[in-house]
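Q:
In this note's numbering, the protein residues as written are 158 to 270.
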């Protein structure tokens, strides 16, 4: 108990404010310099690390996807007539009534083909 009251007295007698508006001109200038260097560092990281990484990985992903499409064109998947597939009580309300809006003839096998 004595320590808390002593701490309260010493803080009250100092008269020093510790609010955010109590910056001196030197502290404000140092803060601006730190902010400027931080912005410059992150700008360099973005330009020299992030942008080239996105370009490289975009190239790799595009190449892989084009290889996959090429493979599907030459070796399309075969339709397997499982009993739980293609159960239709009525036609679908869009398109030809047999395919969903997400139908892709390249990757979705069709029994009519």
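C-beta atoms are modelled at their ideal positions from N, C-alpha and C, and glycine is treated no differently. This structure is a prediction, so every number in the text was calculated from the model and none was measured.
Start and end of the alpha helix (DSSP H) containing residue 190?
A: The sequence position of residue 190 within the chain shown is 33, counting from 1. Start and end: 182-202.
Q: Are three or more beta carbon pairs between the region 257-270 and the region 224-242 nearer than 8 Å?
A: The region 257-270 vs the region 224-242: in contact.
Q: To the nearest angstrom, how far is it from the Cα of residue 221 to the Cα of residue 237?
A: Taking the chain shown and counting its residues from 1, the one referred to as residue 221 is at position 64. Taking the chain shown and counting its residues from 1, the one referred to as residue 237 is at position 80. Straight-line Cα distance between these residues: approximately 27 Å.
Q: My assumption, with CB atoms under 8 Å, is that residue 246 sits in contact with residue 254. Please give the rounded CB distance.
A: Here residue 246 corresponds to residue number 89 of the chain shown, with the count starting at 1. Here residue 254 corresponds to residue number 97 of the chain shown, with the count starting at 1. Actually they are not in contact, since the Cβ atoms of residue 246 and residue 254 sit about 12 Å apart, beyond 8 Å.
Q: Less than 8 Å between the CB atoms is what I'm expecting for residue 251 and residue 258, so what's the real figure, rounded?
A: Within the chain shown, numbered from 1, the residue matching residue 251 stands at position 94. Within the chain shown, numbered from 1, the residue matching residue 258 stands at position 101. Contact holds; Cβ gap of about 6 Å.
Q: Looking at the structure shown, is residue 249 part of a helix, part of a strand, or coil, going by DSSP?
A: Working through the chain shown from its first residue, we reach residue 249 at position 92. Looking at residue 249 - three-state DSSP - the assignment turns out to be coil, as it is neither helix nor strand.
Q: With residue 219 as the anchor, note down where its alpha helix (DSSP H) starts and where it stops.
A: Residue 219 sits at position 62 when you count from the first residue of the chain shown. Its alpha helix (DSSP H) spans residues 208-231.
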